[in-house]
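*Asks:* Residue numbers (the UniProt record's numbering): 2 to 249. This is the structure I have questions about; it appears just below.
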Ligand code: ATP
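Next up, the structure:
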């Protein structure tokens, strides 16, 4: 079915520690080749939504207790994170999480550990990652601990790309970065989306930046989607301007 969205999240509830209901029926769709932004303030449920999709809830004592998640029409709630990577879905976690004592290149190569198509193919992907991230190429031999926050964020994204994903779940890429670097990161996301057709679902508190680069946006509040629409429409929406863009 070519009409089915790549990702279809339908009315999911997520509970942490058996009691705390954090997502209260979240639905969203991501079509192949889109950049979709998941917006909203601190604690709205953005990270939880991404974790539900990539099956990273279990380690957090969380579980999807209602609703369904489909990837190309296949139910995926019961799959492992490794199964998700095999299906082309990878998550870049908030806070970058590079291995501090490994070099940038070693970090990138760890992203290819599930691949079975051989060293040459992995090195082709590494070369490709370096064309999108010239900064990483320049710092390839540096220990991640000694690179900048921006370079570490790029390293985390680059490492995800080493798995050859169809869809990247990107959690708060702007966190702790200077505006100019945030822009650089988003430009690369756009580039990857345009040239590689990589699909992105990104969680962002930086509404302004995210809506400049996304095709579509969902705004979460307190575990519910309170508004969604084309990014261009959301940017012009009076409520969005007042509550999320800081101009009123
Ligand atoms: P942030 O930008 O701060 O990460 P968010 O929109 O991503 O915000 P979540 O991290 O999904 O929000 O958190 C949603 C709610 O779930 C918050 O109230 C948070 O305290 C709670 N929560 C998150 N992780 C856990 C956990 N492992 N155990 C219990 N509660 C959690």
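Glycine is no exception: its CB is placed at the ideal position from the N, C-alpha and C atoms. The structure displayed is predicted, hence computed values, not measured ones.
Runs of 3 residues minimum, wholly inside the region 171–229: which ones carry the beta strand (DSSP E) assignment?
*Replies:* 200–205, 217–222
*Asks:* Within the present structure, is the beta-carbon of residue 204 separated from the nearest heavy atom of the ligand ATP by less than 7 Å?
*Replies:* yes
*Asks:* With DSSP collapsed to three states, give me the class of residue 147.
*Replies:* helix
*Asks:* Tell me, to the nearest whole angstrom, how far the beta carbon of residue 153 is from that of residue 161; I am working on the premise that it is less than 8 Å.
*Replies:* The pair is not a contact, with the Cβ atoms about 13 Å apart (cut-off 8 Å).
*Asks:* Quick one: residues in its chain with C-beta nearer than 6 Å to the C-beta of residue 9, no 5 flanking neighbours on either side, listed in chain order?
*Replies:* 30, 71
*Asks:* Note down, one range per segment and in chain order, each beta strand (DSSP E) of at least 3 residues found wholly within the region 70–124.
*Replies:* 90–93
*Asks:* Looking only at its chain, what residues have a beta carbon closer than 8 Å to the beta carbon of residue 239, apart from the 5 residues adjacent to it on each side?
*Replies:* none
*Asks:* When burial is assigned at 16 or more other CB atoms within 10 Å of the CB, is residue 47 buried or exposed?
*Replies:* buried
*Asks:* Rounded to whole angstroms, how far is the Cβ of residue 109 from the Cβ of residue 163, which I believe are closer than 8 Å?
*Replies:* 5 Å
*Asks:* Specify the secondary structure class of residue 30 as computed by DSSP and reduced to three states.
*Replies:* strand
*Asks:* Are residue 159 and residue 134 closer than 8 Å when you measure CB to CB?
*Replies:* yes
*Asks:* Compute the Euclidean distance between the alpha carbons of residue 124 and residue 44, then round it to the nearest angstrom.
*Replies:* 39 Å
*Asks:* Any heavy atom of the ligand ATP within a distance shorter than 7 Å of the CB on residue 14?
*Replies:* Not under cutoff, so the answer is no.
*Asks:* Comparing alpha-carbon positions, which option in 141, 225, 237, 246 lies nearest residue 22?
*Replies:* 225
*Asks:* Does the Cβ of residue 223 have 16 or more other Cβ atoms within 10 Å, making it buried, or fewer, making it exposed?
*Replies:* Residue 223 is exposed by the Cβ-count criterion.
*Asks:* Say yes only if the C-beta of residue 41 is nearer than 7 Å to one or more non-hydrogen atoms of the ligand ATP, and no if none qualify.
*Replies:* yes
*Asks:* Let me check you understand the geometry: is the CB of residue 49 closer than 7 Å to at least one non-hydrogen atom of the ligand ATP?
*Replies:* yes
*Asks:* If I follow the unbroken alpha helix (DSSP H) through residue 38, where does it start and stop?
*Replies:* No alpha helix (DSSP H) holds residue 38; the beta strand (DSSP E) holding it covers 36–40.
*Asks:* Any heavy atom of the ligand ATP closer than 7 Å to the Cβ of residue 173?
*Replies:* True, at least one ligand heavy atom lies under 7 Å from that Cβ.
*Asks:* Alpha carbon to alpha carbon, how far is residue 76 from residue 7?
*Replies:* 12 Å
*Asks:* Quick one: give me the first and last residue of the alpha helix (DSSP H) that residue 51 is part of.
*Replies:* 47–55
*Asks:* Please state the DSSP three-state secondary structure of residue 245.
*Replies:* coil
*Asks:* Does the region 196–205 come close enough to the region 230–237 that 3 or more CB-CB pairs lie under 8 Å?
*Replies:* no
*Asks:* Helix, strand or coil, according to DSSP, for residue 68 in the structure here?
*Replies:* strand
*Asks:* Going by DSSP, name the residue or residues bridged to residue 9.
*Replies:* 30, 71
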